[in-house]
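Presented below is the structure to which this report refers.
4 protein chains.
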Amino acid sequence: MFELDVRSRKPIYEQLIDKVKEMILHGILHPDEQLPSVRTLSSQLTVNPNTIQKAYRELEREGYIYSLQGKGSFVAPMQQGQNEAIKAEVRDGLLRLMAEAVYLGFTATEISELYRQAESVRERGIAHD
Amino acid sequence: MFELDVRSRKPIYEQLIDKVKEMILHGILHPDEQLPSVRTLSSQLTVNPNTIQKAYRELEREGYIYSLQGKGSFVAPMQQGQNEAIKAEVRDGLLRLMAEAVYLGFTATEISELYRQAESVRERGIAHD
Amino acid sequence: MFELDVRSRKPIYEQLIDKVKEMILHGILHPDEQLPSVRTLSSQLTVNPNTIQKAYRELEREGYIYSLQGKGSFVAPMQQGQNEAIKAEVRDGLLRLMAEAVYLGFTATEISELYRQAESVRERGIAHD
Amino acid sequence: MFELDVRSRKPIYEQLIDKVKEMILHGILHPDEQLPSVRTLSSQLTVNPNTIQKAYRELEREGYIYSLQGKGSFVAPMQQGQNEAIKAEVRDGLLRLMAEAVYLGFTATEISELYRQAESVRERGIAHD
DNA sequence: GTGGTCTAGACCACG
DNA sequence: GTGGTCTAGACCACC
Numbered sequence: 713m714f715e716l717d718v719r720s721r722k723p724i725y726e727q728l729i730d731k732v733k734e735m736i737l738h739g740i741l742h743p744d745e746q747l748p749s750v751r752t753l754s755s756q757l758t759v760n761p762n763t764i765q766k767a768y769r770e771l772e773r774e775g776y777i778y779s780l781q782g783k784g785s786f787v788a789p790m791q792q793g794q795n796e797a798i799k800a801e802v803r804d805g806l807l808r809l810m811a812e813a814v815y816l817g818f819t820a821t822e823i824s825e826l827y828r829q830a831e832s833v834r835e836r837g838i839a840h841d
Numbered sequence: 713m714f715e716l717d718v719r720s721r722k723p724i725y726e727q728l729i730d731k732v733k734e735m736i737l738h739g740i741l742h743p744d745e746q747l748p749s750v751r752t753l754s755s756q757l758t759v760n761p762n763t764i765q766k767a768y769r770e771l772e773r774e775g776y777i778y779s780l781q782g783k784g785s786f787v788a789p790m791q792q793g794q795n796e797a798i799k800a801e802v803r804d805g806l807l808r809l810m811a812e813a814v815y816l817g818f819t820a821t822e823i824s825e826l827y828r829q830a831e832s833v834r835e836r837g838i839a840h841d
Numbered sequence: 713m714f715e716l717d718v719r720s721r722k723p724i725y726e727q728l729i730d731k732v733k734e735m736i737l738h739g740i741l742h743p744d745e746q747l748p749s750v751r752t753l754s755s756q757l758t759v760n761p762n763t764i765q766k767a768y769r770e771l772e773r774e775g776y777i778y779s780l781q782g783k784g785s786f787v788a789p790m791q792q793g794q795n796e797a798i799k800a801e802v803r804d805g806l807l808r809l810m811a812e813a814v815y816l817g818f819t820a821t822e823i824s825e826l827y828r829q830a831e832s833v834r835e836r837g838i839a840h841d
Numbered sequence: 713m714f715e716l717d718v719r720s721r722k723p724i725y726e727q728l729i730d731k732v733k734e735m736i737l738h739g740i741l742h743p744d745e746q747l748p749s750v751r752t753l754s755s756q757l758t759v760n761p762n763t764i765q766k767a768y769r770e771l772e773r774e775g776y777i778y779s780l781q782g783k784g785s786f787v788a789p790m791q792q793g794q795n796e797a798i799k800a801e802v803r804d805g806l807l808r809l810m811a812e813a814v815y816l817g818f819t820a821t822e823i824s825e826l827y828r829q830a831e832s833v834r835e836r837g838i839a840h841d
């Protein structure tokens, strides 16, 4: 399910965060779907439970998942208008990267193409149901 | 010349690396142009000389600069293919961020608008030259 | 009757306790009025009966309700001094939050405005009776 | 410096967070003042370093402190207009508590008096220099 | 069973 | 020296 690179410079918990985010973004994980428990994932990945929990906690803080007392962790349904702060962050990141892209000669068409790709990846993920 | 954010979570030496790369990429630093010496930059930025040296070492390792014993460090001419590698990186980064943007509800129009902004920033930059 | 937020970090039984306390304090529940049975409430809220019972037990321990064997749970009449204790608690909480508010730059006017808002909410509430 | 209640239901790291916040709010800790290092505080309080770090990390996330690579942790200067999210949280909390206060018969004068107290506590803290 | 907190102690990156 | 990450393993609260 997840593949981690323990030798990477990027901390394991960040890799986990990114993986989970990616799966949510791509529609592979669905709203209110249950995530593997901390312990389960810990033994599957042979990673310390604390490390998993750190990742889950951060995901919860960012609004991607929520956890129910004694029940487990679940994918949070995306709410319209929620998380303006995160949107602003993403906008900033995009603007910075696009400035780079402009310097490197990317055209508006290429950018639109990338957007279309991002959209279609998500749709395919959802279609997999 | 450089502006560093000492409070950032990103290590200072990485910020330095990125700044130099950016300046080379944007043509602010030209091939075979001499970079400020470790000592000079260290006192200018009030940053530990070890930190500067670490950045220069890494830039050399990545082929962005070269150093001549006792002479100093210089900008390396762009290698064939190096540009393509950078473009691929930027494309990857954009795709990832756009996936997130799609999830957060950004529209194609908003993305185009961001691109236009990035473009105009560049134009203004050139006009300033 | 009750609205619980299962996603909240605050345990469900604590939410229950607070709701009941609030309803007693606000005069919605009257002295010696019977509370819904554990079983009833459990199925109404789709919450584990153990959770309800834990809340009732705690409320009884704190003197807010009393229970008669085989009859059910009832609202206890307010004790002398109990009210004062609650007021002191609220005062403490306000003082702490106001310290934070001062630090964050809230002005006296804003605070007064908030108080007016709180008042008007109450008035509307009473009008609804 | 700090007093913790290890037997409290409130986690140690939260107690720490609140203590540090309080000291900042009250002007006992000043902008850019260095906080005790994780290790130092850990041995002073005979609390695990991880616990201290968890508290510091959260304080950093909330914008109360910042940490410099290899230098230590410092009190963040309060920036005007920063952290609208936290202000909104405080406003919410105040409104809720004030509603309670209104029910309990607090007058506008009492509320103003509390605000004055909160202000003066801070002033006294700063005056201690 | 679940997640949350904490300890003890190791190792790394940074400056 | 500093903070950041990770492991191993314990104990608790919640449901």
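Chains as they are written, first to last, in the working numbering: chain A, 713 to 841; chain B, 713 to 841; chain C, 713 to 841; chain D, 713 to 841. Ideal Cβ placement from N, Cα and C applies to all residues, glycine included.
Pairwise C-alpha distance: residue j and residue i
i	j	result
Asp717 of chain C	Gln727 of chain C	8 Å
Gly775 of chain C	Lys733 of chain C	10 Å
Ser754 of chain D	Leu780 of chain B	48 Å
Ile777 of chain C	Ile724 of chain A	50 Å
Asn762 of chain D	Asn762 of chain A	12 Å
Pro748 of chain B	His742 of chain B	13 Å
Val759 of chain B	Lys766 of chain B	12 Å
Glu835 of chain D	Met735 of chain D	12 Å
Ala811 of chain D	Glu812 of chain B	40 Å
Gln791 of chain C	Ile764 of chain D	42 Å
Lys731 of chain D	Gly837 of chain A	47 Å
Ala839 of chain D	Lys722 of chain D	32 Å
Tyr768 of chain B	Thr752 of chain A	44 Å
Whole-Å CB distance - residue i paired with residue j, under 8 Å assumed
i	j	result
Ile729 of chain D	Glu772 of chain D	Wrong, their Cβ atoms sit about 11 Å apart, outside the cutoff.
Val802 of chain D	Leu807 of chain C	So it is not a contact: roughly 13 Å between Cβ atoms.
Ser824 of chain D	Ala820 of chain C	7 Å
Phe818 of chain A	Leu757 of chain A	About 37 Å separates the two Cβ atoms, so there is no contact after all.
Nearest residue (CA-CA) to residue i, options the options
i	options	result
Tyr827 of chain C	D:Glu745, D:Glu822, D:Thr752 and D:Ala830	D:Glu822
Val833 of chain D	D:Leu737, D:Phe714, D:Gly782 and D:Ile724	D:Leu737
Glu745 of chain D	D:Glu812, D:Lys783 and D:Ile764	D:Lys783
Within 7 Å, strictly: CB atoms of residue i and residue j
i	j	result
Gly805 of chain B	Leu809 of chain A	yes
Ala830 of chain C	Val750 of chain D	no
Handout entry: the segment 792-800 of chain C / the segment 782-789 of chain D touching (three or more Cβ pairs under 8 Å)
Key = A contact is defined here as three or more CB-CB pairs under 8 Å, and the segment 792-800 of chain C fails this definition with respect to the segment 782-789 of chain D.
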